[in-house]
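Going line by line, the protein sequences match chains V and W.
Residue numbering for the first sequence follows this note's numbering, starting at 1 and increasing by one per position.
Residue numbering for the second sequence follows this note's numbering, starting at 383 and increasing by one per position.
The beta-carbon is built from N, C-alpha and C at its ideal position, and this holds for glycine as well.
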Amino acid sequence: MRSAGEYFRSWFGRFEAVAWPQLDPWLYLPAATLAVLGLLMVLNTTYFLGLEKTGDAFHFFKLQLCHIAAGLAVLALLSQLSLRGLRRLVAPLMVVALVMLVALWIPGLGVVRGGARRWLRLGPLLAEPSELAKFAMVFFLADLLSRRQERMNAFATGPLPAFIAVGPLALLILKQPDFGNTVMVVMLLFAMLFAAGARLKHLGAAGGGALAVLALQAVAKPYRIRRLSAFLDPWQAARGAGFQLIQSFIALGAGGGWGVGLGAGRQKMFYLPQAHTDFVFAVVGEEFGLLGAIIVLALFGAILMRGMRVAHEEPDPFASLLAVGLTALLTLQALVNMAVVIGLVPTKGLPLPFLSYGGTAMVMAMAALGTLLALARRPAVR
Amino acid sequence: MNEPFRRRRVRIGALTIVLAALFALIALRLAALVVFDGPRLTALARMEHTGEVALAAPRGPLSDRNGEPLALSAETRSVYARPPQLLAASTPQERAPLAAALGITPSALEAKLHRRAPFVWLRRHLPPARAQAAEALGLDGVGALNEYKRFYPEGTLAAPVVGLAGMDGQGLSGLELQYDRLIRGEPVVLRFYHDALGHPIFDSPLALKTPEAGARVVLTLDARIQALAENDLAAEVRKSGARRGAAVVLDPFSGQVLALANIAADGASIGERLHDTAVQDAFEPGSTMKGLLASIALQDGAITPPQRIYCEDGAYTVGRRVIHDDSPHGWLDLGGIIEVSSNIGASKIALKLGAKRFYDGLRAFGLGARTGIDLPGEARGILRKPSAWREIDLANHGFGQGVAVTPIQLAAAYAAIANGGYLVRPYVVKAAYDAAGRPLLTHTPEVLHRVIAPGIAHTMNRLLQGVVNGPDGTGRLARVSDFVVAGKTGTAQMVNPTTGAYYQSRLVASFIGFLPAGDPRLVILVVLYDVAHGHFGGLTAAPVFSDIASGALSDLNVASTAPHYDAASLLPTAGAARDDSAEELADQLAPAVLSGDDTTAAALTGGDGVPDFSGLSLRRAFALARRRHFDLEVEGDGYVVAQRPAPGAVPGAGPVTLRLAPAVAEAEKAGALKTASMHGILAAPANRIARARHQARRRSRR
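Now the structure itself:
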């Protein structure tokens, strides 16, 4: 009988038992700063919400602490893995992600909230399969594209298999419906194809097609049109669909250069919907001002630069593409979230990695960071 | 390095640059938002986040002179809704019980909720129990606040004077408006931050003040007299078909208004009912002007009481106009002119007096100027400059045409005749006290100036008694049993407000008078507007005067100075046919009267001879003279020190001459005190004892 540890080693390779000083501080310090800031934000944006909904002002704060703890465990685990171990994760991740996405439609498992079937009941916990799906898809694409490096010039042998593989996944997410994560999946697909060396004309054509599909999807659902028009002229719909955006502007404007101070923001008092999740960046802007918001931007910028440096230096195609994908996963989502908050793109419903309240999102962001830390340890990168 | 690796590195570099550029774009957009839109957004935030709650201060109560409440504030609860919250949290079916609890229809409730306002009142000023029923439903977005509602416990009593306060506790009319700043109290406005659901967040150390209640205002009005005046006036308005009526009851010495009644005919609008005609509207006084004219003429020396004037047998031409009397008269003295109300006589006196002197006299009586009464919207009346008067105008002014006065003006002018010659400022608020009872405001009688000499006033008093008591008096219906009345009727044609010409058959009928004539306590004016021809002042207004006067004097416990029995009956002469009660009363009263009441006592001692005036004040001397039908000539000021003929002498044809000096002030004071106690204490029990005895005797007879 082999012990469980031996099975694990044979599958994932040896644990390298790295101590945290050996991890890349340029990756984990920005992320840790963001997570701590996020914890503060959760505390002060959910204080009244918690009181209102559960009677415990610290309800959401405690849960977020649990999310971070769980995320750190996953991060610790993943950061120990070798490249072989990471590659072994590709298939199980993809299988689990697809199973969960399908399981959403099993009555009693899928939880419908606000008209969207996005949450899966796992015992006492609720998980968001889309978040796992994005993570799994990055692994899957890194694996797929790294094998097809030499065949990227032809559409049929290069990008097409990726489209075919990701297509069902994207459709499952769109079906929930989760437009924001569908867009994220498609953007990640294009980013990784671009990094993997797909030809630009193929990407341009496919991108045009994808945009057309997205446009059709947008037109198909009236609420998306409403969101879009509210985005184009939020003041006209200040009491309706544009309300959220206006409140976001007010928060940022009221914060000014230096902010009103931690905890002193007023927009979180039910003026700004989703102050603790999708619009937490607006609260950062209100309480810490333009300065605080720029610092948050800079922290994501650091993760971008460091993650991309790993991808840039990494000779192994799988490792490199995985680093590109995971870095893009964290930073693209941050970009889209912040662009929504400042009214550059229509409302999507995507959380800000590390900062927003949310279990699956936090665990998956930590997982992405853990994987990046594992990749950053590789000799070629150091 | 292989080709794919190289290309990947380039691509990764490009991707990094694109993403970094997007971060930079977001930073720039953010900076632009904060820098360019910041101030506007900050203002918007402040507007959105801050709220105010006004903690209402109760309006102070208004009461009459005896503390009878006329206006009170009661705490009520007002139910409001925050429609966005309520609509989100409940269905129309769930809201139906709310409508029922509030006593409105569900559709009315829904209409209020769909006004797209963040806050609406659902029902204000509910009794706390009713509001509690609505609050107990526990609907999200429904709340209630304490508010004060104004109640008028006496209903419409003196409503045009007391006025009205609005829903939000603001004075709208009458005293509620005039003294709004005192009555309103000091509400406290709390500014606070609130969340989007409207929950206030009291996170700043607020200096919590409690709202300060408004001042308690005590009026000079007497609710009983006011009610009496309104009831009597309303009955006459209905009976005579008048459009409106006004009545003023004034204390001639202090200027305190005891009643100010304004009655509109049935079917009048609320606005007309609340209109304070007595202060705000001027009317042509008509013959009541003759009292003022005679006073001015006497004061001026243009005429003396015995002087006779030829009244032209009813038609007198001035310029191209002919002045008529109701019935033709020949030679009349001043008393006769007033008694029969001769227009021709009045015209001649006015012409003799001249425009300038007449005008100055009228101004001295307060015509053409506001009295300064503490009520809003007082009218000035109309009194043109004498330079604009033609001869006919002067003649017309003599009997009250071409001039307009407000009822309060006319009452104040006659108060000057009643009180011995002083123009006093009428007022309706006696005092105001803050919530702790400290006086904020005290009104004391204000004498403006002397209009006529005391002797003239006395003469006028006597002449005006002729109107009521004289054989041809026009005001005989104004008589009040037990009291002597002095007064004047007035009947004027109404001016058509559009053409400026007189209506042929629409009249303003009035009566003004004061009583008891010997010691005037009340000046009462009754005006009936827009009555049909035939409803002369002496026929419609005079009876109302009589009703108000007798009721008011009884309310004020004024003892009679003119008993309904004649003086002889007080003497113990047996065998005369008198009823038991009179006899009984005489028995009871005689000793007290003999010891205290100067007028009656003097009358008794004097018999047919000249009474003893010594030690009396001028007013009391005149009163005594009037009772005994003597004319007086007065020298000096103060108290009577000498008289000719001597007391008890057989009276001659001429007047009794009195010399007065201020020396015996102390003695008179003691006398006055004694007299006061007589009126207040002795007289009333004496009556009661008399009645009791009388009843006992009737029982024993049975």
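query                                                                                                                                    : result
CB contact check: Met-338(V) to chain W, cutoff 8 angstroms                                                                              : yes
Proximity test, Cβ basis, 8 angstroms: Met-269(V) and chain W                                                                            : yes
Buried versus exposed, by CB contacts within 10 Å (16 or more), Asn-644(W)                                                               : buried
Residues of the segment 308 to 336 of chain V whose Cβ lies closer than 8 angstroms to any Cβ of chain W, in chain order                 : Met-308, Ala-311, His-312, Pro-315, Pro-317, Ser-320, Leu-321, Val-324, Ala-328, Thr-331, Leu-332 and Leu-335
Residue ranges of each alpha helix (DSSP H) within the segment 820 to 886 of chain W, 4 or longer                                        : 836 to 851
Alpha-carbon spacing of Gln-514(W) relative to Lys-812(W), whole angstroms                                                               : 40 angstroms
Against chain W: residues of the segment 271 to 301 of chain V by CB proximity under 8 angstroms                                         : Tyr-271, Gly-285, Gly-289, Leu-290, Ala-293, Ile-294, Leu-297, Phe-300 and Gly-301
Segment contact flag, the segment 594 to 607 of chain W with the segment 798 to 816 of chain W, C-beta cutoff 8 angstroms, min 3 pairs   : yes
Residue range of the unbroken beta strand (DSSP E) whose run includes His-276(V)                                                         : First-last for His-276(V): undefined, no H or E at that position.
DSSP three-state assignment for Gly-525(W), whether helix, strand or coil                                                                : strand
Beta-carbon neighbours of Leu-423(W), restricted to chain V and to distances below 8 angstroms                                           : Phe-249, Ile-250, Leu-252, Gly-253 and Ala-254
Interface flag, Leu-304(V) vs chain W, CB-CB below 8 angstroms                                                                           : yes
Close Cβ partners of Leu-299(V) (< 7 angstroms) along its chain, the five nearest in sequence each way excluded                          : Pro-30, Thr-33 and Leu-34
Spatially closest choice to Val-417(W) from Ala-127(V), Phe-243(V), Ser-320(V) and Gly-257(V), by CA coordinates                         : Gly-257(V)
For Gly-5(V), the three-state DSSP class (helix, strand or coil)                                                                         : helix
Sequence-distant residues of its chain with Cβ nearer than 8 angstroms to Ile-838(W) (five each side left out)                           : Ser-677, Leu-680, Gln-681 and Gly-803
8 angstroms Cβ cutoff met for Leu-792(W) and Ile-894(W)                                                                                  : yes
The beta strand (DSSP E) enclosing Ile-705(W), as first and last residue numbers                                                         : 703 to 706
Environment of Cys-66(V) [buried if 16+ CB atoms lie within 10 Å]                                                                        : exposed
Where Glu-618(W) sits in the DSSP three-state scheme                                                                                     : helix
Against chain V: residues of the segment 397 to 411 of chain W by CB proximity under 7 angstroms                                         : Leu-397, Thr-398, Leu-401, Ala-402, Leu-404, Phe-405, Ile-408, Ala-409 and Arg-411
Residue from Pro-821(W), Asn-851(W), Ala-436(W) and His-825(W) with nearest C-alpha to Val-806(W)                                        : His-825(W)
Cβ distance (whole Å) where Gly-780(W) is taken to contact Ile-731(W) below 8 angstroms                                                  : 6 angstroms
Gly-420(W) at chain V interface by Cβ criterion, 8 angstroms                                                                             : yes
Cβ pair Ile-685(W), Ile-705(W) closer than 8 angstroms                                                                                   : no
The segment 431 to 451 of chain W touching the segment 561 to 570 of chain W, judged by at least three CB pairs closer than 8 angstroms  : yes
Limits of the unbroken beta strand (DSSP E) element including Lys-767(W)                                                                 : Where Lys-767(W) is concerned, there is no enclosing beta strand (DSSP E), given that its DSSP letter is neither H nor E.
Outcome for Gln-886(W) when other beta-carbon atoms lying within 10 angstroms are tallied against a minimum of 16                        : exposed
Interface partners of Leu-422(V) on chain W, CB under 8 angstroms                                                                        : The structure shown does not extend to residue 422(V), since chain V is modelled only from 1 through 382, so no value can be given for it.
Glu-558(W) and Leu-546(W) closer than 8 angstroms at C-beta                                                                              : yes
Short CB-CB distance (under 8 angstroms) between Gln-244(V) and chain W                                                                  : no
Within chain V, the residues that Pro-386(W) reaches when beta carbons sit closer than 9 angstroms                                       : Gln-149, Glu-150, Met-152, Ala-196, Gly-197 and Pro-317
Cβ of Gly-520(W) within 8 angstroms of any chain V Cβ                                                                                    : no
Selected residue, minimal CA-CA separation from Ala-73(V), among Tyr-7(V), Leu-375(V) and Thr-371(V)                                     : Thr-371(V)
Beta-carbon contacts of Ala-162(V) that lie in its chain and below 7 angstroms, excluding the five residues immediately before and after : Leu-141, Leu-144, Leu-145, Leu-189 and Leu-193
Reduced DSSP secondary structure (H/G/I, E/B, other) of Ile-537(W)                                                                       : The sequence shown places Gly at residue 537(W), not Ile. Gly-537(W): coil per DSSP, three-state reduction.
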